[in-house]
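Numbering-wise (the numbering used here), the sequence shown opens with residue 430 and increments by one.
Just so it is clear, CB atoms sit at the ideal spot from N, CA and C, and this is done for glycine as well.
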Amino acid sequence: MTPSPTIQPATVAFDPIVLRGDLHENLTDEQFFAFCQDNPTLRIERLPDHTITIVPPCLPDASFQSGEVFGQLRDWNKRTRAGKPYESSAGFTLPDTAIRSPDVAWISNDLRARLTPEQLKSFWQVAPDFIAEVQSSSDSLPALHEKMRAWIGNGVRLAFLISPTTETAWVYRADGTVTETQGFDAQLSGEDVLPGFTLELAELRG
């Protein structure tokens, strides 16, 4: 009897895939949007130089943690009706031409009302009032800090960066200040951007 072939376990890479070159960097906004729609299971972003980064689906723990942040924000917004929260599948075209998808975003009613029909085409041409990023296994912390500075530089008023593995969180503000919080027994305040909102970090422990 012929022995059955040995099947090696699959290896899944969690590092982002980076696409460079004329073919990708010369995509129009419409072509990039179509590319994203054709690959709905991937998280695809475009950098200011039009380099494209692709991140595969995240591990369940990371999905739970970003979902918890979104859930707490959604619950607050249901009480206040102050705007609308968005999860990680929402893409935004920023002033520097990057197209990014934060783990969690929020846009106030006032900002939404000021958007023109042209800005609402494809990925909305707006920087959210608030965003949050939760570090996953595919994320480099230095790269995430650079990304947070880019969010603020493009007009985001308040941003949370959360590292569940080290139980550390950073709050970035429009005035350039950054506050670090150690330990998930703490809360993060929505300050004057999300009045009355507090993020209970302990809930991210699962």
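Cutoff 8 Å; reference residue i; Cβ partners in own chain excluding five residues on either side
{"i": "E632", "result": "E497 and Q501"}
{"i": "A615", "result": "A598 and L630"}
Residue from the options with nearest C-alpha to residue i
{"i": "L618", "options": "F589, Q494, F521 and A463", "result": "The residue asked about is misnamed: residue 618 is Ser in this sequence, not Leu. Nearest C-alpha to S618: F589."}
{"i": "A527", "options": "S495, A579 and L488", "result": "A579"}
{"i": "I483", "options": "R472, D490 and S492", "result": "R472"}
{"i": "V447", "options": "S567, Q460 and T457", "result": "S567"}
{"i": "L587", "options": "W505, L456, P624 and I481", "result": "P624"}
{"i": "W535", "options": "A561, F461 and R602", "result": "A561"}
{"i": "Y515", "options": "F464, R503 and H479", "result": "R503"}
{"i": "C465", "options": "R541, S518, V533 and V607", "result": "S518"}
{"i": "E575", "options": "L630, W505 and Y601", "result": "Y601"}
{"i": "L630", "options": "L570, R510, N455 and E596", "result": "E596"}
{"i": "D479", "options": "S569, D525, R541 and S537", "result": "The question names Asp, yet the displayed sequence has His at residue 479. Nearest option by C-alpha distance: D525."}
{"i": "V622", "options": "W505, T470, A491 and E459", "result": "W505"}
Contacting residues, own chain, Cβ-Cβ under 6 Å from residue i (five flanking each side not counted)
{"i": "G520", "result": "I528, S530 and F552"}
{"i": "Q494", "result": "V563, P593 and L633"}
{"i": "I390", "result": "No answer is possible for residue 390: the residues shown for the chain start at 430 and end at 635."}
{"i": "T412", "result": "Shown here, the chain extends from 430 to 635; a query on residue 412 therefore has no answer."}
{"i": "D532", "result": "S495, S517, A561, E562 and V563"}
{"i": "T522", "result": "I528, F552 and Q554"}
Near the ligand ADP: residue i beta-carbon under 7 Å from a heavy atom
{"i": "R510", "result": "Annotation note on the ligand ADP: not contained in the displayed structure, which lists no ligands."}
Counted within 10 angstroms of its Cβ, other Cβ atoms place residue i as buried (16 or more) or exposed
{"i": "T627", "result": "exposed"}
{"i": "G612", "result": "exposed"}
{"i": "P434", "result": "For P434, the predicted structure reports a pLDDT of 38, less than 50, and the residue's modelled location is therefore unreliable. The matter cannot be settled from this model."}
{"i": "T457", "result": "exposed"}
{"i": "L544", "result": "exposed"}
{"i": "L549", "result": "exposed"}
{"i": "G605", "result": "exposed"}
{"i": "R508", "result": "exposed"}
{"i": "A572", "result": "exposed"}
Residues near residue i by beta carbon distance below 7 Å, same chain, minus five either side
{"i": "L488", "result": "S565 and S566"}
{"i": "A463", "result": "none"}
{"i": "R475", "result": "F461, I481, A527 and I528"}
{"i": "A511", "result": "S537 and N538"}
Report yes or no: do three or more beta-carbon pairs, one from the region 547-563 and one from the region 572-584, lie closer than 8 Å?
-> yes
Unbroken beta strand (DSSP E) runs of length 3 or more, entirely within the region 521-583: which are they?
-> 533-537 and 559-563
For the region 473-525, which segments carrying the alpha helix (DSSP H) assignment without a break, of at least 4 residues, lie completely within its bounds, in sequence order?
-> 489-509
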